[in-house]
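Student: Have a look at this one.
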Amino acid sequence: FQTFEGNLKWDHTDVTYRILNYSPDMEASLTDDAFARAFKVWSDVSPLTFTRLHEGIADIMISFGKAEHGDFYPFDGKDGLLAHAYPPGEGLQGDAHFDDDEYWTLGTGPAIQTRYGNAEGDLCHFPFLFEGTSYSTCTTEGRSDNLPWCATTANYDQDKKYGFCPSENLFTFGGNSNEDPCVFPFVYEGVKYDSCTTEGRSDGYRWCATTANYDKDKKYGFCPNRDTAVIGGNSEGEPCHFPFTFLGKTYSSCTSDGRSDRKLWCATTSSFDDDSKWGFCPDRGYSLFLVAAHEFGHALGLDHSNVRDALMYPMYSYIEGFPLHQDDIEGIQYLYGPKTGPDPTPPQPQTTTSSTATPTKPSPSDTTTVSISTTSRNVPSVDVCQIKTFDAITEIQKELHFFKDGHYWKIPLKGERTGPFLISEKWPVLPATINAAFEDQLTKKIYFFSDKQFWVYSGTEVHGPRKIEKLGLPSNMGRVEGAVQRGKSKVLLFSGENYWRFDVKTQLIDSGYPRITESVFGGVPTNSQDVFLYGEFMYFCQGSFYWRMNSRRQVDKIGYIKNDLLNC
Amino acid sequence: LCIPLKSVYVTFPGDVVKNMTDKQLAENYLKQYGYIDVHQRNGLQGVVSTSKALKKLQKQLGLEETGSLDQSTIDAMKQPRCGVPDVRK
């Protein structure tokens, strides 16, 4: 590894950052998450912590720009130079800039987060089947309103899961219109526009008015890029036009003809020869997360490494998983020392609101994506043995977890109890009171229930809150008080005197439910406060006691939760 | 069949990246990323300094240190990368 001359570094470990603008290529929530994860790469191996600011001057100011973007180190169009960052210090120092003539993704092709529809903001699944035809991009097929959409599973015909793709007809970003969609045609300086334009701007970004007259209302927003839009050239945002003619020859797909750099391009009108309108074709794109992690390395004081597999090697290559090489770790620890003591505060949750709805009548619902810490910090002064009843008890990663008022404790099958820990540190978006939880044995996703909502954590990401009705549970039922996995994809959800069977694969309640708990699980309390699976036994809890049921549905033991399960 | 196709390159309007020869590409790259001191105006005409600069680049990128503009070096120069110079005063 190398550091900058004079070992430039921050004189504090609580580093702040601010995201000044967004790329049209990716939803703001995906971008926020990519940056938060990129910072976490470094905070995981050093004493550094990163806090996001939404205004004012931060240590690391992050922005997207094209060509000359204000620092006299211009970007160079698509490919080549991707981003740059400055070593720690005042002013421009510490800042990170990303070339917005690149196609920013998560590194493996378009990362299209949907809005509305019934997919709860899930990413598009490409390719997907719709009426027997395979689609590899968002499509307007099957709709009369011209809104591009995609399926979020491989087969729309079978799963019927879909959402709408970013387009200027659905929303704008930035500007002053609170994400309102474009209004076409709109008038700007007396001229009518039927599509997004770069007129009036020197930074190359496409915008539109969100009322019919910009001159009068001054309301505008920036246009998100469609996944089918070309990149760069002189037609950014326009789709390829197939077929098109180039030097008298007809093309039905992207071509590298005419270019010495062999990059794929297309015309955006029927004839390049007549109109000269063109752009580069979308490809896998560059991982914003990986490039950001590299640039943040510079912003923290690391120069380029000559170790080919190191994150700080100057060339881009896509890798999955944790991107740091031992060389990177030694570099950051040379500057700031090793990680010591409790975990740093995890990056602040980056919350964005997206909506879910039927195609005709959208209704709001939140989808949150955050990074989470991987380990937990001990919080003193709450004695678990003094607690009379728990909010929820469940097994997660082979350890029995006890939840109560924002804290949790855990105990392995064989070993010492640890805790209390703060729920907010391990699972930042969850409320203090958890009524039930289970870990899906197949996907290892963790489902949390609180009141009439639920959240799903998958690795470092979370979806939710969502209403429990989304699972097919009745809106008039009480809280989900217990969850027990049966087989690989079924989970029994207990509430009051009833239980429902939830299919994890279809994400829906099976037909034939609810059933009365007492009729199937005889001999347990009819109104259990907690129900969970631990080892081969089901536990039904009421007050300080548990009823243990074996696989033959016989209650073989009744005992004290504190003594037997918590080892008080 | 063995006669190579005659490639026709055009200038695309609005293209930030201009068609350039490998030699021009190398010269720009070595300057941009600090291997040649731009203040000395050393281009590829300066054989000695260019060879040194190429060797430096090849060492940095883990390539064979030939000091000449070979294909693997040209390919490396065409890879997407970070804009922070590799060498600075």
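Here the protein sequences line up with chains A and B, keeping their order.
75 is the number of the first residue of the first sequence in our numbering; add one for each residue after it.
-8 is the number of the first residue of the second sequence in our numbering; add one for each residue after it.
Glycine included, each C-beta is placed from N, C-alpha and C at the ideal position.
The model shown is predicted, which means the values in this text are computed figures rather than measured ones.
Could one say the Cβ of residue 26(B) lies closer than 7 Å to chain A's Cβ atoms, at least one of them?
Tutor: What you label residue 26(B) is simply residue 35 of the second sequence in a count that begins at 1. Judged by the 7 Å Cβ criterion, residue 26(B) is not in contact with chain A.
Student: Based on the DSSP secondary-structure assignment, which residues constitute the bridge partners of residue 16(B)?
Tutor: Here the question's residue 16(B) lines up with position 25 in the second sequence. Residue 16(B) is not bridged to any residue.
Student: Between the beta-carbon of residue 149(A) and the beta-carbon of residue 133(A), is there less than 7 Å?
Tutor: Residue mapping note: residue 149(A) aligns to position 75 of the first sequence, counting from 1. Residue mapping note: residue 133(A) aligns to position 59 of the first sequence, counting from 1. The answer is no: Cβ separation not under 7 Å.
Student: From the DSSP output, which residues share a beta bridge with residue 224(A)?
Tutor: Translated into positions along the first sequence, residue 224(A) becomes position 150. Residue 224(A) is bridged to 237(A).
Student: When the distance is taken between beta carbons, is residue 299(A) closer than 7 Å to residue 107(A)?
Tutor: Counted from its first residue, the first sequence places residue 107(A) at position 33. Counted from its first residue, the first sequence places residue 299(A) at position 225. Contact flag unset, no.
Student: Just to confirm, is the Cβ distance from residue 405(A) to residue 75(A) under 7 Å?
Tutor: Numbered from its first residue, the first sequence carries residue 405(A) at position 331. Numbered from its first residue, the first sequence carries residue 75(A) at position 1. Contact flag set, yes.
Student: Using a Cβ-Cβ cutoff of less than 7 Å, which residues in the same chain neighbour residue 628(A) once the five nearest sequence positions on both sides are dropped?
Tutor: If you number the first sequence from 1, residue 628(A) lands on position 554. Result list for residue 628(A): empty, nothing under 7 Å.
Student: Leaving out five residues before and five after residue 167(A) in sequence, what residues of the same chain have Cβ atoms less than 7 Å from its Cβ?
Tutor: Residue 167(A) sits at position 93 when you count from the first residue of the first sequence. Here the set comprises 160 and 161.
Student: Which residue comes first and which comes last in the beta strand (DSSP E) that contains residue 537(A)?
Tutor: In the first sequence, the residue the question calls residue 537(A) occupies position 463. Unbroken beta strand (DSSP E) run through residue 537(A): 535 to 541.
Student: How would you label residue 11(B), buried or exposed, when you count the other beta carbons within 10 angstroms and need 16 or more for buried?
Tutor: Taking the first residue of the second sequence as position 1, residue 11(B) is located at position 20. So residue 11(B) ends up on the exposed side.
Student: Alpha carbon to alpha carbon, what distance is there between residue 313(A) and residue 303(A)?
Tutor: The residue given as residue 303(A) occupies position 229 in the first sequence. The residue given as residue 313(A) occupies position 239 in the first sequence. Computed Cα separation, rounded: 4 Å.
Student: Residue 51(B) touches chain A at which residues, Cβ-Cβ below 9 Å?
Tutor: Taking the first residue of the second sequence as position 1, residue 51(B) is located at position 60. The answer, in chain order, is 378, 380 and 388.
Student: In the DSSP assignment, what are the bridge partners of residue 93(A)?
Tutor: Position 19 of the first sequence, counted from the start, is the residue given in the question as residue 93(A). For residue 93(A), which the question treats as bridged, DSSP gives the partners 136(A).
Student: So that I know if they touch, is there some Cβ in chain A lying closer than 7 Å to that of residue 5(B)?
Tutor: For the purposes of this step, residue 5(B) is identified with residue 14 of the second sequence, where counting begins at 1. Interface residue, yes.
Student: Whose Cβ in chain A lies nearer than 9 Å to the Cβ of residue 62(B)?
Tutor: Locating residue 62(B) in the second sequence gives position 71, where the first residue counts as 1. The contacting residues do not exist; residue 62(B) stays about 14 Å from chain A at best.
Student: Please go through the region 589 to 622 of chain A and give each complete beta strand (DSSP E) segment of 3 or more residues, from N-terminal end onward.
Tutor: Runs of the beta strand (DSSP E) inside the region 589 to 622 of chain A: 604 to 608 and 611 to 616.
Student: For the beta strand (DSSP E) that residue 323(A) lies in, which residues bound it at each end?
Tutor: On the first sequence, position 249 is the one that residue 323(A) refers to. Start and end: 323 to 325.
Student: Counting only beta-carbon separations shorter than 7 Å, does residue 352(A) have a partner in chain B?
Tutor: The residue you call residue 352(A) lines up with position 278 of the first sequence. So, interface residue.
Student: Quick one: Cα of residue 84(A) to Cα of residue 125(A), how far?
Tutor: Within the first sequence, residue 84(A) is the residue found at index 10, counting from 1. Within the first sequence, residue 125(A) is the residue found at index 51, counting from 1. One C-alpha to the other measures close to 14 Å.
Student: List the DSSP bridge partners of residue 633(A).
Tutor: If you number the first sequence from 1, residue 633(A) lands on position 559. Answer is 620(A), bridged to residue 633(A).
Student: For residue 27(B), count neighbouring C-beta atoms within 10 Å of its own C-beta (all shown protein chains included) and say buried if the count is 16 or more, exposed if not.
Tutor: As a first step, residue 27(B) must be located in the second sequence, where it is residue number 36. Flag for residue 27(B) reads buried.
Student: Have a look at residue 631(A) and residue 604(A) and give me their C-alpha separation to the nearest angstrom.
Tutor: One-based indexing of the first sequence puts residue 631(A) at position 557. One-based indexing of the first sequence puts residue 604(A) at position 530. Approximately 16 Å, taken between the alpha carbons.
Student: Can you list the residues of chain B that residue 158(A) reaches, using a CB-CB cut of under 7 Å?
Tutor: As a first step, residue 158(A) is located in the first sequence; it is residue number 84 there, counting from the start. Neighbours of residue 158(A) on chain B, chain order: 73, 74 and 75.
Student: Chain B partners of residue 147(A), CB-CB under 8 Å?
Tutor: As a working mapping, residue 147(A) is identified with position 73 in the first sequence. Neighbours of residue 147(A) on chain B, chain order: 74.
Student: Would you say residue 403(A) and residue 152(A) are within 7 Å of each other, going by their C-beta atoms?
Tutor: Residue mapping note: residue 403(A) aligns to position 329 of the first sequence, counting from 1. Residue mapping note: residue 152(A) aligns to position 78 of the first sequence, counting from 1. No, the pair does not count as a contact, with Cβ atoms beyond the cut-off.
Student: Do the region 203 to 210 of chain A and the region 222 to 233 of chain A make contact, defined as three or more Cβ pairs closer than 8 Å?
Tutor: Flag = yes, the region 203 to 210 of chain A and the region 222 to 233 of chain A touch.
Student: Whose C-alpha, out of 640(A), 533(A), 120(A) and 142(A), is nearest the C-alpha of residue 276(A)?
Tutor: As a position in the first sequence, residue 276(A) is number 202, starting the count at 1. When each option's Cα is compared against that of residue 276(A), the closest is 142(A).
Student: Would you check if the region 464 to 484 of chain A and the region 561 to 573 of chain A touch, i.e. whether three or more CB-CB distances between them fall below 8 Å?
Tutor: No: the two stretches stay apart, fewer than three of their Cβ pairs being nearer than 8 Å.
Student: Examine chain B for any beta-carbon lying closer than 7 Å to the beta-carbon of residue 710(A), and answer yes or no.
Tutor: Residue coverage of chain A in this structure runs from 75 to 642, which leaves residue 710(A) outside it and unanswerable.
Student: Between the region 269 to 287 of chain A and the region 244 to 256 of chain A, can you find at least three pairs of beta-carbon atoms closer than 8 Å?
Tutor: Yes, they touch.
Student: Start and end of the beta strand (DSSP E) containing residue 265(A)?
Tutor: Taking the first sequence and counting its residues from 1, the one referred to as residue 265(A) is at position 191. Taken as a continuous stretch (DSSP letters only), the beta strand (DSSP E) holding residue 265(A) covers 265 to 267.
Student: Roughly how many angstroms lie between the CA atoms of residue 359(A) and residue 373(A), to the nearest whole one?
Tutor: The residue you call residue 359(A) lines up with position 285 of the first sequence. The residue you call residue 373(A) lines up with position 299 of the first sequence. Cα to Cα, the separation comes out at about 23 Å.
Student: Name the chain A residues that come within less than 9 Å of residue 15(B), Cβ to Cβ?
Tutor: Numbered from 1 along the second sequence, position 24 holds the residue referred to as residue 15(B). Going along chain A, no residue has its Cβ under 9 Å from residue 15(B), so there is no contact; the nearest lies around 11 Å.
Student: Give, in chain order, every unbroken run of the alpha helix (DSSP H) that is at least 4 residues long and sits entirely within the region 284 to 349 of chain A.
Tutor: Runs found: 288 to 291 and 346 to 349.
Student: Report the CB separation of residue 321(A) from residue -1(B) in whole angstroms; it is logged as a contact under 8 Å.
Tutor: Here the question's residue 321(A) lines up with position 247 in the first sequence. Here the question's residue -1(B) lines up with position 8 in the second sequence. At roughly 6 Å, the Cβ-Cβ gap stays under 8 Å, so residue 321(A) and residue -1(B) are in contact.
Student: Have a look at 503(A), 600(A) and 527(A) and flag the residue whose alpha-carbon is nearest the alpha-carbon of residue 543(A).
Tutor: Numbered from 1 along the first sequence, position 469 holds the residue referred to as residue 543(A). It is 527(A) whose Cα lies nearest to the Cα of residue 543(A).
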